[in-house]
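Participant:
In the numbering used here, the protein residues as written are 2 to 255.
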């Protein structure tokens, strides 16, 4: 009877470690997607905010460690190496502690991140110049944001009034990435002669600012990320419980 319980525990342990490996792979894939997806706000974040990019790399690292732990857990279960199982338990608890700490920090710093993002976007709009390649990467990323999210400026197109290059343009122009009608999604586009006026309210652009759109986008993405992390955390707890049971049953097994 004891031997059967030991085998059942081992099979469940191996199953959860396979699940652990898959969830780790999903975390790595999500992190890589955030880094290389140029058509979303995440691309602008990691090109403009160094701490966000570091957080993404940490996210990928946690996923890679999670995959490694899943593999080592299976090895420890098959060969019943108690030392490896003990190390597995300690590492799982450490990873769980890191995840909880990171989640709390993200929640507590959410308002600070929003204020900092508002400052970064305002400075970028103020200094935006398609003829200057100094900050071209961040500017192109912001163009992607305005084009893909169908928004203009941070709170609205009136934010672009602080841009000196646009203010002094001749003929009067507007940001190309703010308009779906533009064939060139970067730089400034001249206003049509039939345009009702050069003021931002009369530009042929989206009148909605990107702040609210980004807030909704971040809530959707954060919800998905939290769902994955919650699944990983539950799997970690189950893996810890099963590894403890496996260690005890291995000691009792003849």
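Where is the CB? At the ideal position from N, CA and C, for every residue including glycine.
Output the distance between the C-alpha atoms of residue 33 and residue 87, rounded to the nearest integer angstrom.
Facilitator: Cα-Cα distance, rounded: 31 Å.
Participant: Thinking C-beta only, is residue 158 closer than 8 Å to residue 204?
Facilitator: Contact flag set, yes.
Participant: Contact defined as beta carbons within less than 8 Å: I believe residue 144 pairs with residue 172. What is the distance between those atoms, to the nearest angstrom?
Facilitator: Not a contact, Cβ separation roughly 21 Å.
Participant: Distance check for residue 213 and residue 152, CA to CA, integer angstroms please.
Facilitator: Computed Cα separation, rounded: 9 Å.
Participant: DSSP three-state call for residue 129: helix, strand or coil?
Facilitator: In this structure, residue 129 counts as coil in the three-state DSSP scheme.
Participant: Can you tell me the Cβ-Cβ gap for residue 1 and residue 26, rounded? I've got them flagged as a contact below 8 Å.
Facilitator: Any property of residue 1 remains undetermined from this structure, which presents the chain solely from 2 to 255.
Participant: Hey, residue 147 and residue 178 are a contact pair by Cβ (cut 8 Å); roughly how many whole angstroms apart?
Facilitator: The pair is a contact, with the Cβ atoms about 4 Å apart (cut-off 8 Å).
Participant: Report the residue from 211, 218, 170 and 76 whose alpha carbon sits nearest the alpha carbon of residue 191.
Facilitator: Nearest of 211, 218, 170 and 76 to residue 191, Cα basis: 170.
Participant: Quick check: the Cα distance between residue 12 and residue 61, rounded to an integer number of angstroms?
Facilitator: Looking at the two C-alpha atoms, the distance is approximately 28 Å.
Participant: Would you tell me roughly how many angstroms separate the C-alpha atoms of residue 249 and residue 20, rounded to the nearest one?
Facilitator: Cα to Cα, residue 249 sits roughly 23 Å from residue 20.
Participant: Using a threshold of 8 Å, state whether the C-beta atoms of residue 28 and residue 63 are closer than that.
Facilitator: For residue 28 and residue 63, yes; Cβs fall inside 8 Å.
Participant: Report the rounded CA-to-CA distance for residue 140 versus residue 200, giving the unit in angstroms.
Facilitator: Rounded to the nearest angstrom, the two C-alpha atoms are 22 Å apart.
Participant: What three-state label does DSSP hand residue 170 in the structure shown?
Facilitator: Residue 170 falls in the coil class under three-state DSSP.
Participant: DSSP on residue 186, reduced to helix/strand/coil?
Facilitator: Here residue 186 sits in coil by DSSP.
Participant: For a test of the three-state rule: what should DSSP assign to residue 2, helix, strand or coil?
Facilitator: Because the pLDDT at residue 2 is just 47, under 50, the model does not fix this residue reliably, and the point stays unresolved.
Participant: On the premise that residue 164 lies in contact with residue 129, defined as a C-beta separation below 8 Å, what is that separation, rounded to the nearest angstrom?
Facilitator: Confirmed, Cβ separation roughly 6 Å.
Participant: Looking at the unbroken alpha helix (DSSP H) that takes in residue 135, where does it start and where does it end?
Facilitator: Premise fails: residue 135 is in no alpha helix (DSSP H) and is neither H nor E.
Participant: Measuring only the C-alpha atoms, how far is residue 93 from residue 55?
Facilitator: Distance between the alpha carbons of residue 93 and residue 55: 22 Å.
Participant: Does residue 1 come out as helix, strand or coil in the three-state DSSP assignment?
Facilitator: The displayed coordinates of the chain run from 2 to 255. Any statement about residue 1 would go beyond what the structure contains.
Participant: Applying the criterion that 16 or more other CB atoms from any shown protein chain within 10 Å of the CB defines a buried residue, is residue 75 buried or exposed?
Facilitator: By the neighbour-count rule (16 or more Cβ atoms within 10 Å), residue 75 is buried.
Participant: Reducing DSSP to helix, strand and coil, say where residue 176 ends up.
Facilitator: Here residue 176 sits in strand by DSSP.
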